[in-house]
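Right, one structure below, let's go through it.
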Amino acid sequence: FKLNIIPFQTMKKFALLGAGHIHTPGFVKKLNKRNDLKIISVWDHDQIRAQQNADLLKSESVRDYTSVLENPDLDAVIICSETNLHEEIIMKVAEAKKHCFVEKPLGMGQQDSERMVTALENSGVMFQTGYFSRSNPVYRKLKQLIDNGTFGTISRIRLNNCHDGLRRNVFDDYLWMTDLNQAGAGAFGDLGTHVLDLLLWFMSDLESVTATLSSPLNRYPGCDESGEALLKFKSGVIASIAAGWVDIAQPFTVIVSGTEAHAHMNQKEIYLKSNNIPGADGETALKNLPEALPHAFDIFLNAVVSGKNENLVPVREAAYRSTVMEAIYKAVSEKSWVTVKPYSN
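This is the structure we're talking about:
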């Protein structure tokens, strides 16, 4: 048996800038399982939080992240800060030309997100965000079916992303995520951004949005806990997305209805009904799903280590999700439909 040990000098060097996001502990565990990279510095405006994560990663805690970015040996950064700090950090990261993973959402809305797009594209670095649903074989299969016209003319799409985290008090240690001034959105924006990403991955001709939000538990004043949005596309498709922190179950995640086929699915199986496809009876789960991709975070780590830009979420797409989510919250505030320019490459 030969142990594969990679010399420190050849390992890719990363820094963790911000450790406030609820996904940070999971990312730290993933990082500690890798033997092809090293976290050399950890920063957070909360020095206690920075030191705790630095200890877990056997790294150093720093008070000034700009000094970290000046390190010529640093290859990439992982940004898990509060959303309202993303722009300030990313502008400096782009200037330093370091690859970056930024936990979703990219920005608070359209203006800051587009400024980040310009900076990152001009820097030429690799970018990734946490839209992990794209790696799921079920959603990859659905995209294939939509792209190859299996559904005929699509009339309706419905997507859900919900959990009961609020009922389990999971945000008590992440209160900033309940403050719209720091997070940019509440429960609907936090979980809804994932299904919004899938929807805009499937369809690219968005026209307008409207929505309604609610807070059935009223746990954190000013923070929505559940919501539904309607999205109209120029092609005639009407889509709805639901998200919330108060649902005890989520048996179905997506429904797609078209003139030639209908599909419903959970996170592991897809059921297709079509008279044009043998065996597509709507009661038997489809076989031969695409291969699962790694988690979005692992995709980024792999890309930096290998130097191959594969399966990363383009920064323009990440920015557009923030633009649309901002429009959804505006629609709630104005109790109206809000027009959104379609995404273009």
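For the working numbering, count along the sequence shown from 1 and bump the result up by 4.
Glycine included, every Cβ here is placed at the ideal spot set by N, Cα and C.
Predicted model, so just to flag it, every value in this text is computed and none were measured.
1) For the stretch 226-244 against the stretch 178-189, do three or more pairs of beta-carbon atoms, one drawn from each stretch, fall closer than 8 Å, so that the two count as touching?
2) If you draw a straight line from the alpha carbon of V267 to that of I161, how long is it in whole angstroms?
3) Using only alpha-carbon positions, find the residue among N313, E314, K339 and V344 that is nearest to R325.
4) Below 8 Å on the Cβ atoms is my contact criterion, and I expect V46 with L61 to pass it. Report the Cβ-Cβ distance as a whole number of Å.
5) Using only the alpha-carbon positions, how far apart do M130 and P282 sit?
6) Look up F237 in the DSSP assignment and give the residues it is bridged to.
7) Which partner residues of Q132 appear in the DSSP bridge assignment?
8) My output table needs one value for I93: the three-state DSSP class, helix, strand or coil.
9) Does the stretch 18-27 come close enough to the stretch 81-91 to have 3 or more Cβ pairs within less than 8 Å?
10) Rounded to whole angstroms, what is the Cα-Cα separation between E264 and S139?
11) Verify whether the separation of the beta carbon atoms of A246 and N164 is less than 8 Å.
12) Between the C-alpha atoms of L297 and P220, what's the straight-line distance to the nearest angstrom?
13) Please determine if the stretch 132-149 and the stretch 233-244 are in contact, where contact requires at least 3 C-beta pairs separated by less than 8 Å.
14) Under the three-state reduction of DSSP, which class applies to M112: helix, strand or coil?
15) One question on the structure: do S159 and T327 come within less than 8 Å of each other, judged by their Cβ atoms?
16) For L41 and F31, what's the separation of their Cα atoms in angstroms?
17) In the DSSP output, which residue or residues are listed as bridge partners for Y224?
18) Compute the distance between the beta-carbons of L73 and K102, then report whether it is under 8 Å.
19) Which residue's Cα is closest to the Cα of I259: N280, V199 and P318?
20) So, helix, strand or coil for V344, using DSSP?
21) Checking 8 Å against the spacing of the C-beta atoms, do F301 and G134 come in under that value?
22) So the alpha helix (DSSP H) F31 belongs to, where does it begin and stop?
23) Check N185 in the structure and name its three-state DSSP category.
From the atom records:
1) Verdict: yes, contact present.
2) Residue identity check: residue 267 is Ala in the sequence provided, not Val. About 10 Å.
3) For R325, the closest of N313, E314, K339 and V344 by C-alpha to C-alpha distance is V344.
4) The beta-carbon distance between V46 and L61, rounded to whole angstroms, is 6 Å. This is short enough to meet the 8 Å contact definition.
5) Rounded to whole angstroms, M130 and P282 show a C-alpha spacing of 42 Å.
6) Under the DSSP definition of a beta bridge, F237 partners with L210.
7) In DSSP, Q132 forms a bridge with F105.
8) DSSP places I93 in helix when its eight states are reduced to three.
9) Put simply, the stretch 18-27 touches the stretch 81-91. At least three CB pairs are less than 8 Å apart.
10) Those two C-alpha atoms are separated by around 26 Å.
11) Cβ distance < 8 Å, so A246 and N164 count as in contact.
12) Roughly 36 Å between the two C-alpha positions.
13) With the cut-off at 8 Å, the stretch 132-149 and the stretch 233-244 do not touch.
14) If DSSP states are grouped into helix, strand and coil, M112 belongs with coil.
15) Not closer than 8 Å, so no.
16) Near 13 Å, if we compare the C-alpha coordinates of F31 and L41.
17) Per DSSP, none; premise fails for Y224.
18) Closer than 8 Å, so yes.
19) When only C-alpha atoms are compared, the closest one is V199.
20) Assigned with DSSP and collapsed to three states, V344 falls in coil, not helix or strand.
21) Yes.
22) Note, F31: alpha helix (DSSP H), T28 to N36.
23) The three-state reading of DSSP puts N185 in helix, counting H, G and I together.
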